[in-house]
DNA sequence: GGATGCGGAATGAACGTTCATTCCGGCCGG
DNA sequence: CCGGCCGGAATGAACGTTCATTCCGCATCC
């Protein structure tokens, strides 16, 4: 920002520098105050740019929130799916999936809250909505495979996924609010064992 | 609403009539679009009253959302706590608590979503925040009692509660979004058995 | 090598719109 | 008739967005 002397000594103007600053500021504010509760000039101030500069990088506030949503959805999708050990045992598969989701929530808590808060919001466009399916479909396939081997209960896969993901969100939000007497990592690790008991046969 | 001729022929003006209409309209709109995303004149139109009339019943938009929050928090608190069979077995206690929460979510799905969405929002006042503790503290006591009898795992009670409540929210939201191949009641009933497995010793 | 001027990025004051809130003329029950 | 309640037009503040202007690094020229 303006009080950073380095900016004056070394311009260090990499391209995308400000774009990243805007996305970062928008993530924090949208996660905390919601889309309608966040004024564009406020995002600009937090990003350390002028209000007009926002519109050099994003054509509108809606375009900004969509870009942000897609960016983090893409990160969480890659985190969950990249080189997943498909051939592992169901129990190990669940542990690995949980571990990856926990790692994302721990590394990027604001992004996790943001994605959860803006899920299916009316100002997200088709492309952003479609991004959801890209994670959910492979996950559903894992559940069905685990059910076929008899390791997981025969409830509807969507129900089990809603239950598991809901539990993760509940624990992360409680940790974020400071309601838990243990660290987020510790809480998520303990919850993993509990939730596996919920879905295993 | 405005196109109901009965309103003109028979005033049928019970006291609190319009107040209830306003609260009902606000519930639907706040649950769907959020606080900042909902314009006051829109609430008035949906309630079938003039924009100015809103301010005869609530001094401000903030006062309206606080009244709404407190009303439904009070309803869910009464639903959960009233004449609870304290002396029952832990398994039956859990079943009854789950049944009551499910009944509330089924009877008032918009209120359930609204309460969840506005939990700890910055425009809620101290009184509204304090209402939360009135449900959570007795529930925590139940968990601790069940842990003492050895029926429930010895994880932090807050963690178990976050996990259970998160799972309920996850299932309700999935049902609300039409993502489940079974009805909300059916989904919640199946999930009850699953979640008990998660927390029982 | 230093001065000059150019081009695009950045800026923030200003614009039209939308919002929460106020105000007032009319309407309805007594 | 009259008094209170009501509706919706009016109001000012705040919003998203635009645009005339400034700023800055670099190439060019003397």
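Residue numbers (my numbering), protein chains in the order written: chain A, 1 to 201; chain B, 202 to 402. In this text, a Cβ means the ideal position worked out from N, Cα and C, and glycines have one as well.
- Taking C-alpha positions only, residue 90(A) is separated from residue 399(B) by approximately 17 Å.
- Taking the Cα positions, residue 73(A) is about 33 Å away from residue 308(B).
- Nothing from the segment 64 to 97 of chain A brings a Cβ to less than 8 Å from some Cβ of chain B.
- According to the DSSP assignment, residue 69(A) belongs to the alpha helix (DSSP H) that extends over 61 to 81.
- According to the DSSP assignment, residue 124(A) belongs to no alpha helix (DSSP H), since it is labelled neither H nor E.
- Pairing residue 253(B) with residue 281(B) gives a Cβ-Cβ distance that is not under 8 Å.
- Cα atoms of residue 152(A) and residue 200(A): separation of roughly 4 Å, rounded to the nearest angstrom.
- In summary, no residue of the segment 322 to 351 of chain B has a CB separated from any CB of chain A by less than 7 Å.
- Rounded to whole angstroms, the gap between the alpha carbons of residue 76(A) and residue 21(A) is 20 Å.
- Look at residue 33(A) here: in three-state DSSP terms it is helix.
- Excluding residues up to 5 positions away in sequence, 169 lie with their Cβ nearer than 7 Å to the Cβ of residue 116(A) in the same chain.
- With three or more CB-CB distances shorter than 8 Å, the segment 358 to 376 of chain B counts as touching the segment 163 to 182 of chain A.
- Under a criterion of Cβ atoms nearer than 7 Å, the residues of chain A adjacent to residue 398(B) are, in order, 197 and 198.
- With respect to residue 69(A), residue 136(A) sits apart: the two C-beta atoms are not nearer than 8 Å.
- Burial is judged here by how many other beta carbons sit within 10 angstroms of a residue's own beta carbon; residue 287(B) has fewer than 16 and is exposed.
- In the three-state scheme derived from DSSP, where H, G and I count as helix and E and B as strand, residue 383(B) is classed as coil.
- Taking the C-beta atoms as reference points, residue 230(B) is found nearer than 8 Å to residue 244(B).
- For residue 27(A), the CB contacts under 7 Å within the same chain, skipping 5 residues up- and downstream, are 68, 110, 111 and 114 in chain order.
- Residue 184(A) is a Cβ neighbour of residue 172(A), given a cutoff of 8 Å.
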